[in-house]
Structures are given as C-alpha cells and as structure tokens.
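Here's the structure, in structure tokens; my notes come after.
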Amino acid sequence: MKGARFTVIINAIKLDLQRTETNAMKRLVKIAIAIMALGLTGCDEGKYPVSGESYGPDDPVQKLDARAGVVPGV
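Here you go:
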C-alpha cells in the first residue's frame, strides 16, 4: 500500500516538473521572439545603424553581402 502511494506521489512530481519545464520553454521562446522583433525594427536598408546617415552612391558598404559572409578587398 505504501509503495503504491509513493508511486503516485512520484508520478505527480514528475508531471508537475514537466509542466514547469514546458511553461519555462514557452516563456523563453516568447522572450526570444520579442528580442528578435525588436532587433529587426532597428534594421533600415540604406542607412548606417549607429549614426542613421544614408549611404553615399560610391560608399564601399554597398558592395558588402552579408549572406555570402565575404568582405571585398579584405
């Protein structure tokens, strides 16, 4: 009889830990999405991120391609 009660208690604790872990992961994902959304709002094509000035027509920054990960001339 005591063994059955112990098993029920252990299973209840496991279930509670699983719920807590799931809630923590959901919360972490929501925080990560919010941070990414805030980061994307700062992206503006054609402007420097710090000063906010527009790129010039002969500015070497326009030759950079972030997707390729290659910086020309370096």
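When the count follows this note's numbering, it moves up by one through the sequence shown with no breaks and lands on 291 for the last residue.
All C-beta atoms in this analysis are idealised placements derived from N, C-alpha and C, irrespective of residue type, glycine included.
None of the values given here were measured: they were computed from a predicted structure.
query = Expressed to the nearest angstrom, what Euclidean distance is found between the alpha-carbon atoms of E238 and I248?
reply = Answer to the nearest angstrom: the Cα atoms are 15 Å apart.
request  = Determine the direct distance from the alpha carbon of V246 to that of K280, and round the result to whole angstroms.
outcome  = Whole-angstrom Cα-Cα distance: 35 Å.
inquiry  = Taking the straight line between their C-alpha atoms, what separation do you get for I227 and I250?
reply    = 35 Å
query = Nearest-angstrom Cα distance between D276 and S268?
reply = 15 Å
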